[in-house]
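In this note's numbering, the protein residues as written are 192 to 587.
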């Protein structure tokens, strides 16, 4: 079997575990009804998932750093299957929460491991594109997984979604056993070294941009389905179509955001993307009575939001090239942490204020991301001026 096919198998794994994370957002109203809890309480399932992912993944990767990669992936996917099946079998909200934590920890380890394997089996001249393909699988879970999950839930019930994911992952495990070669783990990067990166101002500012960006995204995306159904008045069928279109918009946003960062620079792309993001959220607050207008504005919002996300990945990979692996890992944790805070804060907003208020608070978080971006830009400009001054003195 060619390495290209193996890469796509890894991308499929990324897609399946990604779907398990994002699917709750697409069926939040259905889950709330099934578990007998409020929309805000159901949203905490996403908060707990993201917190467990953000905090648990770095720790587990350090503990399993020397473990053979294929074995680690297989064991992790079996744990993932257990989490999915528990979510279907166990009764009640509390036990479902435990099942989500199991899924979160196994998802985090699986994503990092498939990226590591992809980098090892890909030819030297195709490593970047191979990793991008695996990442695309995770993105595809938004584009395809969430709307399909909504459709299946509306037609057959939410349990069929998790059973289907578990069965597909079981099939993939047998494929892995027969296709993916054994390979050694890497030397672990101590957590103390990872945490020490926050002491550097430019890195702390850059990671803060990710945090505020994902907090804003988490506030609205977590409660998007009930917002569109209860506030805007969308039908289940139209909601599935909307989620699909938003996923496609995120894909194009990621691609064009990366191209813009290459041509016009990170700061230029971030500032424009954040401006469009916050503007669309404010406009959304005034047009919730029009389904067509909401559809258009949300498409723009999804495009702008993901253009900033892709730019941030590039930003973290280049501001400190010697520590790019560590920074990209920290960026993933900050993304999940921000999403968790957004989902949790969104639950409070929905419970204490109103469902329609999520757009304003999401916009506020994006404003904080914009302010942090401005600070990051000023820091880089000051650094550049200082470096030019030292260079001039040396020449003199």
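Ideal Cβ placement from N, Cα and C applies to all residues, glycine included.
Proximity test, Cβ basis, 9 Å: residue i and chain B
i           : result
residue 228 : No chain B appears in the structure shown, which is made up of a single protein chain.
Rounded separation between residue i and residue j - CA only
i           : j           : result
residue 447 : residue 459 : 13 Å
residue 257 : residue 549 : 44 Å
residue 381 : residue 366 : 33 Å
residue 597 : residue 485 : Nothing can be reported for residue 597, as the shown portion of the chain is limited to 192 through 587.
residue 354 : residue 530 : 25 Å
residue 278 : residue 352 : 11 Å
residue 215 : residue 403 : 22 Å
residue 465 : residue 501 : 12 Å
residue 607 : residue 259 : The requested residue 607 is not part of the displayed model; the chain covers only 192 to 587.
residue 253 : residue 290 : 23 Å
residue 426 : residue 312 : 45 Å
residue 261 : residue 527 : 25 Å
residue 328 : residue 563 : 30 Å
residue 211 : residue 413 : 14 Å
residue 325 : residue 200 : 9 Å
residue 455 : residue 462 : 11 Å
residue 520 : residue 475 : 33 Å
residue 232 : residue 224 : 11 Å
residue 576 : residue 390 : For residue 576, the predicted model reports a pLDDT of 45, less than 50, meaning its position is unreliable; a value from the coordinates is still stated below. Spanning the two alpha carbons is a distance of roughly 22 Å.
residue 559 : residue 439 : 27 Å
residue 136 : residue 265 : No answer is possible for residue 136: the residues shown for the chain start at 192 and end at 587.
residue 342 : residue 431 : 6 Å
residue 488 : residue 255 : 44 Å
residue 306 : residue 321 : 9 Å
residue 239 : residue 534 : 9 Å
residue 411 : residue 401 : 16 Å
residue 263 : residue 374 : 10 Å
residue 361 : residue 368 : 11 Å
residue 582 : residue 397 : Only weak support exists for where residue 582 lies, its pLDDT of 44 falling under 50; the value from the coordinates is given anyway. Using only the alpha carbons, I get a separation of about 26 Å.
residue 518 : residue 492 : 26 Å
residue 217 : residue 280 : 21 Å
residue 387 : residue 228 : 41 Å
Helix, strand or coil at residue i [DSSP, three-state]
i           : result
residue 255 : coil
residue 408 : helix
residue 228 : coil
residue 551 : helix
residue 288 : helix
residue 313 : coil
residue 545 : coil
residue 457 : helix
residue 281 : coil
residue 425 : coil
residue 348 : coil
residue 391 : coil
residue 479 : coil
residue 343 : helix
residue 338 : helix
residue 209 : helix
residue 592 : Outside the displayed span of the chain (192 to 587) sits residue 592, for which this structure offers no information.
residue 505 : helix
residue 414 : coil
residue 667 : Because the chain spans 192 through 587 in this model, residue 667 falls outside it and cannot be assessed.
Buried/exposed call for residue i, threshold 16 Cβ in 10 Å
i           : result
residue 584 : Confidence at residue 584 is low in this model, with a pLDDT of 46, below 50, so the placement of that residue should be treated as unreliable; the coordinate-derived value is given next. Per the 10 Å Cβ criterion, exposed.
residue 580 : Confidence is the limiting factor: at residue 580 the pLDDT is only 42, short of 50, which leaves the residue's position unreliable and the question unanswerable from this model.
residue 196 : exposed
residue 347 : exposed
residue 268 : buried
residue 221 : buried
residue 283 : exposed
residue 545 : exposed
residue 275 : buried
residue 589 : An answer regarding residue 589 cannot be provided, because it is not within the stretch 192 to 587 covered by the chain.
residue 506 : buried
residue 472 : buried
residue 309 : buried
residue 578 : Confidence at residue 578 is low in this model, with a pLDDT of 47, below 50, so its placement is unreliable and the value that follows should be read with caution. So residue 578 counts as exposed.
residue 419 : buried
residue 483 : exposed
residue 498 : buried
residue 249 : buried
residue 636 : No information on residue 636 is available, as it lies outside the stretch 192 to 587 that the chain covers here.
residue 230 : buried
residue 235 : buried
residue 481 : exposed
residue 356 : buried
Rounded distance between the beta-carbons of residue j and residue i, thought under 8 Å
i           : j           : result
residue 295 : residue 204 : At roughly 16 Å, the Cβ-Cβ gap does not stay under 8 Å, so residue 295 and residue 204 are not in contact.
residue 298 : residue 213 : About 11 Å separates the two Cβ atoms, so there is no contact after all.
residue 393 : residue 510 : 6 Å
residue 338 : residue 435 : 4 Å
residue 332 : residue 209 : 3 Å
residue 469 : residue 561 : 7 Å
residue 494 : residue 443 : 6 Å
residue 417 : residue 219 : 6 Å
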